[in-house]
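Engineer:
Protein chains: 2
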Amino acid sequence: MNISIIGLGLIGGSFAKDLRKAGLATELLGVEASPAHAERAVQLGLVDRAVPLEEALRLSDVLLLAVPVDAIETLLPKVLDAVRPTQTVIDLGSTKFQLAESVRNHPNRERYVAAHPMAGTENAGPDAALEGLFRGKTVLLCDLEWSAPDACKTALELFHAVGLKFEFMNSDQHDRHAAYVSHLSHVAAYALSLAVQTEEKAGYAVPRLAGGGFASTVRLAKSSPEMWVPIFKQNREHVLRAIDAFSERLQEFRRALDANDYAKLETLIRDANHIRDLL
Amino acid sequence: MNISIIGLGLIGGSFAKDLRKAGLATELLGVEASPAHAERAVQLGLVDRAVPLEEALRLSDVLLLAVPVDAIETLLPKVLDAVRPTQTVIDLGSTKFQLAESVRNHPNRERYVAAHPMAGTENAGPDAALEGLFRGKTVLLCDLEWSAPDACKTALELFHAVGLKFEFMNSDQHDRHAAYVSHLSHVAAYALSLAVQTEEKAGYAVPRLAGGGFASTVRLAKSSPEMWVPIFKQNREHVLRAIDAFSERLQEFRRALDANDYAKLETLIRDANHIRDLL
């Protein structure tokens, strides 16, 4: 199978590594807007060579879109315009509803499979690619009723090869779900980073003195705006609601502390502890 | 040197492991309120034997207090009442100001060294003890001007043996600092856990589908109320202010998204990214 990966950053590069290891790709091509990233990806052996999108479209059985979600939205209709009935197009973006709507009536819609592998790190670019990033993680597959059975089969084969487990939902469910278990975590980490940096300027809270707990909670605040602004934009409604729900629980916690209501504080913490059973 | 560790949980147990490995302790005694934990700690070889506090006070050169901060506040004056001029008492609690005030005028105050090793995990009890937990981390040493030089020297020797780096500050600075780089992270994680659980009950946001990012951000929400309610209580003022600062940045983020102001969102994220340089 000839596979092209559009976008050779963390996600695309990690897929390239694991697909190669799984021996699934006859040839692994890369399409990358940044010449420096393209060169580096070939140097690292992530792909056999970097080619223009047109060549990837001509030569590949499968095209994996692993660029930021705003770029996917621009790219997907163009790719579907050119796709042949034997080819499969899969996107790996973190938002799904707006994208789903944008190609809903495209004549080649059934060649496309919408997917979101729930895995990543705070790093970006070809050097951030990690072998085994997806192993044991979950890929959320959306609106499969609109994809051709053979396209679904190809997508599942690729995802299985890199160790992903499958879950199925529609793209609106996906976006509400992702707002909570992924996008909100990023908002919380960004806000924590900003609050601590303000304090740092006042001469306190030097983060380098912090233990592993702070580092863990704030880790996602290192994630780039290039990837995340488009995600927040495309999932604005659900993210706003998630921030409000989070803010409400934060204020509940604050009120209990302010009122010296330590029984309430204990109840809140004990309830929060249940996350142990859910993860 | 005979060393007693009061409280054989995560922190006390981890100290025991590393002190033993460093060969610093002639005898390692444990004092533990829970008979089950005491038995388990001996079984795990964390300490040579579990003894009552009185015996630890009689036999030890150094006493390390590694119990929750409310228990430290009850225990420390009693220990100082009985301490001899050749003995050193060190507490490892996460709050410092209230405790410092409570023994400020104690006649044996100079035998006591106030310390906070910035290391830990979300787990508790003797089984949570980890070898190397403190290696490369920082211990915040507070108000050393009120401790005898030989007591300081003993404390530094122990902390150096387990791989901790030193920073010095007064206990009020400490509490403001800790509110941001430790206590606030816990509040944010608790609120995130509570918000996601509410959503889970509505049939969305199943945390087991989440990737590593959510797990990392919410990890501290597993921390027990037994340890954390007393910390929030003792550091109430600073924690309330830290929550307000965090809440303000969260709302700034929300307002930008609500207003579709993606240039502002990008600036906020880029500023948040600077945490990379500070950690």
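So the protein sequences, as listed, match chains A and B. The first sequence begins at 43 in my numbering and counts up by one. The second sequence begins at 43 in my numbering and counts up by one. We put the beta carbon where it would ideally sit given N, CA and C, even for glycine. From a predicted model like this one, the values you see are computed outputs, not experimental measurements.
Which residue wins for smallest C-alpha separation from E96 (chain B), given the options B:N315, B:S213, B:S46 and B:S289?
Structural biologist: Numbered from 1 along the second sequence, position 54 holds the residue referred to as residue 96 (chain B). The residue with the shortest Cα to Cα distance from E96 (chain B) is B:S46.
Engineer: For A301 (chain A), count neighbouring Cβ atoms within 10 angstroms of its own Cβ and tell me buried if that reaches 16, exposed if not.
Structural biologist: Stepping through the first sequence from its first residue, residue 301 (chain A) is reached at position 259. The residue is exposed, with fewer than 16 neighbouring Cβ atoms inside 10 Å.
Engineer: May I ask you to verify whether the region 287–303 of chain B touches the region 246–266 of chain A, counting CB pairs closer than 8 Å and requiring at least 3?
Structural biologist: no
Engineer: At the level of alpha carbons, what is the spacing between A67 (chain A) and V271 (chain A)?
Structural biologist: Numbered from 1 along the first sequence, position 25 holds the residue referred to as residue 67 (chain A). Numbered from 1 along the first sequence, position 229 holds the residue referred to as residue 271 (chain A). If you take the alpha carbons of A67 (chain A) and V271 (chain A), they lie about 33 Å apart.
Engineer: Tell me, please, whether the region 220–236 of chain A touches the region 191–209 of chain A by the rule of three or more beta-carbon pairs shorter than 8 Å.
Structural biologist: Cβ pair count under 8 Å is below three, so no.
Engineer: Could you check where the alpha helix (DSSP H) with Y246 (chain A) kicks off and where it finishes?
Structural biologist: As a position in the first sequence, residue 246 (chain A) is number 204, starting the count at 1. Judged by DSSP secondary structure, Y246 (chain A) falls outside any alpha helix (DSSP H); it is assigned neither H nor E.
Engineer: Report the CB separation of G72 (chain A) from A80 (chain A) in whole angstroms; it is logged as a contact under 8 Å.
Structural biologist: Here the question's residue 72 (chain A) lines up with position 30 in the first sequence. Here the question's residue 80 (chain A) lines up with position 38 in the first sequence. Indeed they touch by this definition, with Cβ atoms about 7 Å apart.
Engineer: Within the present structure, is the beta-carbon of G51 (chain A) separated from the nearest heavy atom of the ligand MN by less than 8 Å?
Structural biologist: You won't find the ligand MN in this model; it holds no ligand whatsoever.
Engineer: For P159 (chain B), which three-state DSSP category applies?
Structural biologist: Taking the second sequence and counting its residues from 1, one reaches residue 159 (chain B) at position 117. P159 (chain B) falls in the strand class under three-state DSSP.
Engineer: Secondary structure at F256 (chain B), three-state DSSP: helix, strand or coil?
Structural biologist: Here the question's residue 256 (chain B) lines up with position 214 in the second sequence. Here F256 (chain B) sits in helix by DSSP.
Engineer: Shorter than 9 Å from the beta carbon of E115 (chain B) to some beta carbon of chain A?
Structural biologist: One-based indexing of the second sequence puts residue 115 (chain B) at position 73. Not closer than 9 Å to any Cβ of chain A, the Cβ of E115 (chain B) fails to qualify, so no.
Engineer: Per DSSP, M211 (chain A) forms a beta bridge with which residues?
Structural biologist: Numbered from its first residue, the first sequence carries residue 211 (chain A) at position 169. Per DSSP, A:C184.
Engineer: Any contact between the region 101–115 of chain A and the region 255–272 of chain A? By contact I mean 3 or more CB pairs, one from each, below 8 Å.
Structural biologist: yes
Engineer: Shortest alpha-carbon distance to A159 (chain B) belongs to which of B:F57, B:N44 and B:L310?
Structural biologist: Within the second sequence, the letter at position 117 stands for residue 159 (chain B). For the record, residue 159 (chain B) in the displayed sequence is Pro; it is not Ala. For P159 (chain B), the closest C-alpha among the options B:F57, B:N44 and B:L310 is that of B:F57.
Engineer: Going by the DSSP bridge assignment, what does T130 (chain A) pair with across the sheet?
Structural biologist: Here the question's residue 130 (chain A) lines up with position 88 in the first sequence. Beta-bridge pairing links T130 (chain A) to A:V104.
Engineer: Compare the C-beta of G135 (chain B) against all C-beta atoms of chain A and say whether one is closer than 9 Å.
Structural biologist: What you label residue 135 (chain B) is simply residue 93 of the second sequence in a count that begins at 1. Closer than 9 Å: no.
Engineer: What does a CB cutoff of less than 7 Å around L262 (chain A) pick up in its chain, not counting 5 residues either side in sequence?
Structural biologist: Counting from one through the first sequence, the residue named residue 262 (chain A) turns up at place 220. Excluding residues within five positions, the ones whose Cβ falls inside 7 Å are E164, S227, H228 and A231.
Engineer: R91 (chain B): buried (16+ other C-beta within 10 angstroms of its C-beta) or exposed?
Structural biologist: Looking up residue 91 (chain B) in the second sequence gives position 49. So R91 (chain B) counts as exposed.
Engineer: By alpha-carbon positions, which one of A:R100, A:I132, A:L234 and A:N315 ends up nearest to H316 (chain B)?
Structural biologist: Mapped onto the second sequence, residue 316 (chain B) falls at position 274. For H316 (chain B), the closest of A:R100, A:I132, A:L234 and A:N315 by C-alpha to C-alpha distance is A:L234.
Engineer: Determine, using beta-carbon pairs with one atom in the region 136–155 of chain B and one in the region 167–177 of chain B, whether at least three such pairs fall under 8 Å.
Structural biologist: The answer is no - the region 167–177 of chain B does not touch the region 136–155 of chain B, with fewer than three Cβ pairs under 8 Å.
Engineer: Would you say R153 (chain B) and L122 (chain B) are within 9 Å of each other, going by their C-beta atoms?
Structural biologist: As a first step, residue 153 (chain B) is located in the second sequence; it is residue number 111 there, counting from the start. As a first step, residue 122 (chain B) is located in the second sequence; it is residue number 80 there, counting from the start. In contact: R153 (chain B) and L122 (chain B) (Cβ atoms closer than 9 Å).
Engineer: Could you tell me how far apart the beta carbons of N44 (chain A) and L101 (chain A) are, in whole angstroms, since I believe they sit closer than 8 Å?
Structural biologist: Working through the first sequence from its first residue, we reach residue 44 (chain A) at position 2. Working through the first sequence from its first residue, we reach residue 101 (chain A) at position 59. Right, the Cβ-Cβ distance comes to about 6 Å (below 8 Å), so this counts as a contact.
Engineer: Looking at chain A, which residues of the region 222–240 of chain B have a Cβ within less than 8 Å of any of its Cβ atoms?
Structural biologist: Y222, V223, S224, L226, S227, H228, V229, A230, A231, Y232, A233, L234, S235, L236, A237, V238, Q239 and T240
Engineer: Here's the rule I'm using: 16 or more other beta-carbon atoms within 10 Å means buried, otherwise exposed. How should Q239 (chain B) be labelled?
Structural biologist: Indexing the second sequence from 1 puts residue 239 (chain B) at position 197. Buried, by the Cβ-count rule.
Engineer: S46 (chain A) lies in the beta strand (DSSP E); which residues open and close that run?
Structural biologist: For the purposes of this step, residue 46 (chain A) is taken as residue 4 along the first sequence, with counting starting at 1. Its beta strand (DSSP E) spans residues N44 to I48.
Engineer: Do you know offhand how far K306 (chain A)'s Cα is from F288 (chain A)'s?
Structural biologist: Residue numbering aside, residue 306 (chain A) sits at position 264 when the first sequence is read from its first letter. Residue numbering aside, residue 288 (chain A) sits at position 246 when the first sequence is read from its first letter. Taking the straight line joining both Cα atoms gives about 18 Å.
Engineer: DSSP three-state call for G72 (chain B): helix, strand or coil?
Structural biologist: To locate residue 72 (chain B), count along the second sequence from 1; it is residue 30. Three-state DSSP puts G72 (chain B) in a strand.
Engineer: With DSSP collapsed to three states, give me the class of A113 (chain A).
Structural biologist: Against the first sequence, residue 113 (chain A) aligns to sequence position 71. Three-state DSSP puts A113 (chain A) in a helix.
Engineer: Locate the alpha helix (DSSP H) running through A64 (chain A), then write down its first and last residues.
Structural biologist: If you number the first sequence from 1, residue 64 (chain A) lands on position 22. Segment L52 to A64, the alpha helix (DSSP H) holding A64 (chain A).
Engineer: Sort out for me which residues DSSP pairs R91 (chain B) with in a bridge.
Structural biologist: As a first step, residue 91 (chain B) must be located in the second sequence, where it is residue number 49. Paired residue(s): B:L71.
Engineer: Which residues in the same chain as A83 (chain B) place their Cβ atom closer than 7 Å to its Cβ, once the five residues preceding and following it in sequence are excluded?
Structural biologist: Along the second sequence, one-based indexing puts residue 83 (chain B) at 41. Hits under 7 Å: L50, G55, G72, E74, V89, A92 and P168.
Engineer: Between the Cα of A203 (chain A) and those of A:T259, A:L52, A:R62 and A:I48, spot the shortest distance and give me the residue it belongs to.
Structural biologist: To locate residue 203 (chain A), count along the first sequence from 1; it is residue 161. The shortest C-alpha separation from A203 (chain A) is found at A:R62.
Engineer: Which term fits R333 (chain B), buried or exposed, when burial requires 16 or more other beta carbons within 10 angstroms of its beta carbon?
Structural biologist: This structure leaves residue 333 (chain B) out entirely; chain B is present only between 43 and 321.
Engineer: Spatial neighbours of F139 (chain A) within its chain, please: C-beta separation below 8 Å, excluding the five flanking residues on both sides.
Structural biologist: Here the question's residue 139 (chain A) lines up with position 97 in the first sequence. Excluding positions up to five away in sequence, the list reads S213, D214, H216, D217, Q276 and N277.
Engineer: Please compile the residues from chain B whose C-beta is within a distance smaller than 8 Å of the C-beta of A287 (chain A).
Structural biologist: The count along the first sequence starts at 1 and reaches residue 287 (chain A) at position 245. Residues of chain B passing the Cβ test: A237, T240 and E241.
Engineer: Starting from the beta carbon of F210 (chain A), find every residue of chain B whose beta carbon is closer than 8 Å, and list them in chain order.
Structural biologist: Residue numbering aside, residue 210 (chain A) sits at position 168 when the first sequence is read from its first letter. Per Cβ cutoff of 8 Å: no residues; F210 (chain A) is ~11 Å from chain B at best.
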